[in-house]
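Residue 560 in UniProt numbering sits at position 560 of the sequence shown, and the numbers go up by one each step. Cβ coordinates follow ideal geometry from the N, Cα and C atoms, glycine included. In this text the structure is predicted, and so the values were computed from the model without any measurement.
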Amino acid sequence: MPKNSKVVKRELDDEVIESVKDLLSNEDSSDDAFKKSELMVDDQEEKDVDVEEGSDAEDERPAWNSKLQYILAQVGFSVGLGNVWRFPYLCQKNGGGAYLVPYLILLLIIGIPLFFLELAVGQRIRRGSIGVWNYISPKLGGIGFASCVVCFFVALYYNVIIGWSLFYFSQSFQHPLPWDQCPLVKNASHTFVEPECEQSSATTYYWYREALNISSSLSESGGLNWKMTICLLAAWVMVCLAMIKGIQSSGKIMYFSSLFPYVVLLCFLIRGLLLNGSVDGIRHMFTPKLEIMLEPKVWREAATQVFFALGLGFGGVIAFSSYNKRDNNCHFDAVLVSFINFFTSVLATLVVFAVLGFKANIINEKCVIQNSEKILKLLKMGNLSQDMIPHHINFSSITAEDYNLVYDIIQKVKEEEFDSLGLKSCQIEDELNKAVQGTGLAFIAFTEAMTHFPASPFWSVMFFLMLVNLGLGSMFGTIEGIITPIVDTFKVRKEILTVICCLVAFFIGLIFVQRSGNYFVTMFDDYSATLPLLIVVILENVAVIRIYGIDKFMEDLKDMLGFSPSQYYYYMWKYVSPFVLSCLLVASIVQMGLSPPGYNAWIEDTAMEEFHSYPTWAMIVCISLMVLAILPVPIVFMVRRCNLIDDSSGSLASVSYKRGRIIKEPVNLEGDNTSLIHGKSPSEVPSPNFSKNIYRKQTGSPTLDTAPNGRYGIGYLMADMPDMPESDL
């Protein structure tokens, strides 16, 4: 052999050795298990292959700065306005303290298990609601789209409530508060109290006339309320700025928006307990009415409250959880957030009824004074005898107990003509039994009570700022339930999508700031979410337990958590929760069918609410809201069933190395079939870069494992090939 041939051979050998060293240097940095890996290409026809395998988006997916930030985000999403103005009403209406028993039972049966399920699938697959359910079964991918539609409907009117709170917040910086007394009307001859206010109350008048300037029916638009339009715009600007960078911007705001309401509630509780009559309100609240607890309606309303209190089906829980690390203990998170939500509801109930007890005491005192004056007039006119009044009674400083004693005596003595006397029974319980909820509690009853507080503007500012923060916390999760799935699925820029979403929602939301807007809020609240969300969560349960497989899901949980979850969840997910959800769905449909579809309209002339049935066009809107919300499920199912979308999941593919990722390429059947990397020499191909987030399949495993982020993230799985001689390398 010529000398120059030996030199060339030595140089070629050196190049080969250097190439091998390059590969081995990277192999040494990985664990020993990788050395037993094998290259495999999944070619399943039924499994929807995630075309984003190993994409840059996965490496760039944001994550929570801390576990506390994540917990506060979940708490902020689940703890909302319903905890303050819905739970106390249900507790009062359904047996007081006895209502807590069915609520806790249903929290354990459907609340925590389903909340845990959503946290787990979001963390396991690391996608928004669309990607999660599309990964589990492409035919059920419509579940995620349905969640997005419901989130959008809810966001439309929920932010209007934040706008109302912003309006009251802005009006609280004055003393006395503008809803403290009825306004006076002046004409040419004299001054008199506004009749609409005189027939109702100062706070009721301010809410319906000054704030909403409400029309008399749904069909009477009345034009835009410019004050509420500005407040709605401000609310959407706040949401947009907070969400424009995703969790990296909203996560920091959570420290304030999630914690501030607890500071306000504790301040209100301490202040409320120092008020006269607060103990009466709390005693009335927690006096159990056990006979009511056995009624089916109580259990249905408790199940509905559990369902919506945790935000199940919205997609926000899944979206927030998808930014977690794979080994996060989502079971602990589910239990913690669920009980924080429950105890927040109890705390809010204590506050509400301490304040309402104080309000009832004031109203009762006015009642005693007014009726005592009537008794004195009746005594002077001779309609009543002085002999029937006990000697120790002093009408100038009469107490509620003394008045009730006199009232009972007169009722017994003047039994036949008692009704004509016009006396009223002044009982605190009668006032406390007037159940109020929603806007009636926040903007009428509670605001009226705060007018009697010392330094009432301060407490009003705190209260409405708390409502704004509670609303924003829930809005962040709701918008995240829209943005995250769309960004994950269609790879659009989050900033642009957030701005577009908020702009579109604001312009559609203008229907809620008309003079008839409050009636549209009621319509959307009643029909846009309840039934669609129940169907969504039932399908979620079926998708995980039946389609994905409960045994496989339990193994995934064991792999993520490091321990096997209790078999309690196995039986809840497989048997109990689907049964309870199905019963709740049927009960909700029956309740909706039995309840006449309509709304309470405010009539200016009578200063009272009057029930109106929905006109035909409004009924069409109600039905359309429910149909549009659930329509994506059958559409996606039929599209997948009929193969109208080619996902290329069944095509032949090969694998290339690129920055440590798997890239699918069409096989060149005419080229060199023995080459794993077409058209590239080993020196041209970057060496694989491994990290602790690469999930590998060990040699000998029969099937392709799936990474917890919803991809086949198995590192580099080497194809079954006969051992090649060293010279062939």
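For residue 548, there is no enclosing beta strand (DSSP E), as DSSP gives it neither H nor E. The C-alpha of residue 267 lies about 18 Å from the C-alpha of residue 340.
As for any alpha helix (DSSP H) of minimum length 4 sitting wholly inside the segment 181 to 228, the runs are 195 to 199 and 202 to 205, ordered along the chain. Only residues of its own chain outside the window of five on either side were considered, and among them 107, 111, 112, 115 and 310 have a CB closer than 7 Å to the CB of residue 338, listed in chain order. In this structure, residue 150 lies near residue 314, with their beta-carbon atoms less than 8 Å apart. CA-to-CA, the gap between residue 205 and residue 450 works out to about 16 Å. Remark: C-beta atoms of residue 265 and residue 348 approach each other more closely than 8 Å. Per the Cβ contact rule, the segment 156 to 167 is in contact with the segment 463 to 472 (3 or more Cβ pairs under 8 Å). Contact annotation: residue 447 and residue 179 have beta-carbon atoms nearer than 8 Å. The C-alpha of residue 475 is placed about 18 Å away from the C-alpha of residue 262.
Residue pairing from DSSP places residue 608 in a beta bridge opposite 603. For residue 293, the number of other beta carbons within 10 angstroms of its own is at least 16, and it is reported as buried.
When the beta-carbon positions are compared, residue 637 and residue 142 come within less than 8 Å of each other. Annotation for residue 342: 107 place their beta carbon closer than 7 Å to its own, counting only its chain and skipping 5 residues before and after.
For residue 316, the secondary structure class from DSSP, reduced to helix, strand or coil, is helix.
For the set 581, 616, 118 and 445, the Cα lying nearest the Cα of residue 351 is the one of 445. Here DSSP, grouped into helix, strand and coil, assigns residue 598 to strand. Going by beta carbons, residue 499 and residue 229 fall outside the 8 Å limit. Between the alpha carbons of residue 565 and residue 355 lies a gap of roughly 43 Å. At a Cβ-Cβ threshold of 8 Å, residue 518 and residue 212 count as neighbours. The beta carbon of residue 232 lies closer than 8 Å to those of 159, 160, 163, 506, 509, 510, 512 and 513 in the same chain, with the five residues before and after it left out.
Contact between residue 235 and residue 166 is confirmed by a C-beta separation of about 6 Å, below the 8 Å threshold. For residue 129, the three-state secondary structure derived from DSSP is helix. According to DSSP, residue pairing for residue 514 in a beta bridge involves 224.
Counting only the Cα atoms, residue 297 lies some 41 Å from residue 252. Secondary structure of residue 372 (DSSP, three-state): helix. As summarised for the segment 98 to 122, the continuous alpha helix (DSSP H) elements at least 4 residues long and confined to that stretch are 100 to 106, given in chain order. Put simply, of 276, 300, 74 and 335 the residue whose alpha carbon is nearest the alpha carbon of residue 99 is 300. Look at the segment 611 to 637 and you find these whole runs of alpha helix (DSSP H), each 4 residues long or longer: 616 to 630. Beta-carbon to beta-carbon, residue 119 and residue 330 are separated by about 4 Å, close enough to satisfy the 8 Å threshold. Here the alpha carbons of residue 622 and residue 527 stand approximately 6 Å from one another. The Cβ atoms of residue 443 and residue 602 do not sit closer than 8 Å to each other. At a Cβ-Cβ threshold of 8 Å, residue 463 and residue 73 do not count as neighbours.
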